[in-house]
Amino acid sequence: MNHMNKLDAFIQHAVSSVPVSGTSLISSLYGDALSHRGGEIWLGSLAALLEGMGFGERFVRTALFRLNKEGWLD
1 MNHMNKLDAF IQHAVSSVPV SGTSLISSLY GDALSHRGGE IWLGSLAALL
51 EGMGFGERFV RTALFRLNKE GWLD
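Under the UniProt record's numbering, the sequence shown has 14 at position 14, and the numbering climbs by one with no breaks.
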């Protein structure tokens with residue numbers, strides 16, 4: 001098993017063991033990592049990152065729209 005397969009297996013196990021709120025995950029990622037590095041990320045990159053955790057692109061777009069509308073991404 002290569003390293004990516006091990007990582008994928010670990011992520012899938014972690015996500016299936018404890019329910020994860022995608023919206024909370026996005027806001028945590030933004031606050032903990034992105035805001036300190038310019039506060040920007042390409043939507044496709046974020047969607048690709050979260051896809052591995054079971055969140056689809058449509059969900060990511062909707063969550064970002066709502067977070068922005070509520071002022072969390074300002």
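Glycine included, C-beta positions come from ideal geometry on N, C-alpha and C.
N-terminal and C-terminal residue of the alpha helix (DSSP H) that residue i is part of
i, result
"S28", "G22 to L29"
"residue 137", "The structure shown does not extend to residue 137, since the chain spans only 1 to 74, so no value can be given for it."
"A63", "E57 to K69"
Cβ separation of residue i and residue j, assumed to be a contact under 8 angstroms, to the nearest whole Å
i, j, result
"R66", "L43", "Not really, about 14 angstroms apart at Cβ, beyond 8 angstroms."
"A63", "I26", "5 angstroms"
"L31", "F55", "The residue you asked about is not Leu; residue 31 is Gly in the sequence shown. So it is not a contact: roughly 18 angstroms between Cβ atoms."
"I41", "L34", "6 angstroms"
Secondary structure of residue i, DSSP reduced to three states
i, result
"V18", "coil"
"L7", "helix"
"D74", "coil"
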